[in-house]
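Input: a single structure, listed below in structure tokens.
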Amino acid sequence: MVKKYQPQRTHNGKLKTPFVVFYPKEIDTLEVNAILHEVHSGFAEVYNPSMKDLEILNGVNTKQSVTIKFRRNSITFTNKMKVKLLDSRYSEMWNVIDVRFDDEFVTLLLGGGAIE
9 MVKKYQPQRT HNGKLKTPFV VFYPKEIDTL EVNAILHEVH SGFAEVYNPS MKDLEILNGV
69 NTKQSVTIKF RRNSITFTNK MKVKLLDSRY SEMWNVIDVR FDDEFVTLLL GGGAIE
């Protein structure tokens, strides 16, 4: 049986939300302060976490979570990075919980606000 070609669900028309990725950069002083250094900006598709993402979040203390998907580039993304979504619905700074790569896109699972 020949399988049909399944086109990508994400395309340029769905990459609507602007975002900025920051990496903490430490300064050598008496007090160690971490300032955020911008490493990447672009447009992403933002959606609710899938069941796979919810399983990953099961052991993490977060109030809110969101998943973003954007075009892959030469930057290696890590869990130390923070993401700012430039949309009024997502006004806070998000922590990167999980990073997934495929041929064309990078998927970041973001979490924000610790449960007390």
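This note's numbering puts the first residue of the sequence shown at 9, with every later residue one more than the last. Ideal Cβ placement from N, Cα and C applies to all residues, glycine included. These numbers come from a predicted model, not from an experiment.
Have a look at T25 and G50 and give me their C-alpha separation to the nearest angstrom. 8 Å
Tell me which same chain residues have a C-beta within less than 8 Å of the C-beta of I64, skipping the five on either side of it? I105, D106, L117
What residue ranges within the region 50-121 form continuous alpha helix (DSSP H) runs of no fewer than 4 residues, ordered along the chain? 59-65
Can you find the residues in the same chain that come closer than 8 Å, C-beta to C-beta, to V47, ignoring five residues on each side of it along the sequence? V29, F30, Y31, I83, M89
Let's see if you can read the secondary structure: which residues bound the beta strand (DSSP E) around T25? 25-34
Distance, K11 Cα to A52 Cα: 30 Å
Inter-residue CB distance, F78 and L23 (contact presumed, cutoff 8 Å): 6 Å
Beta-carbon proximity check, V74 vs N56, cutoff 8 Å: yes
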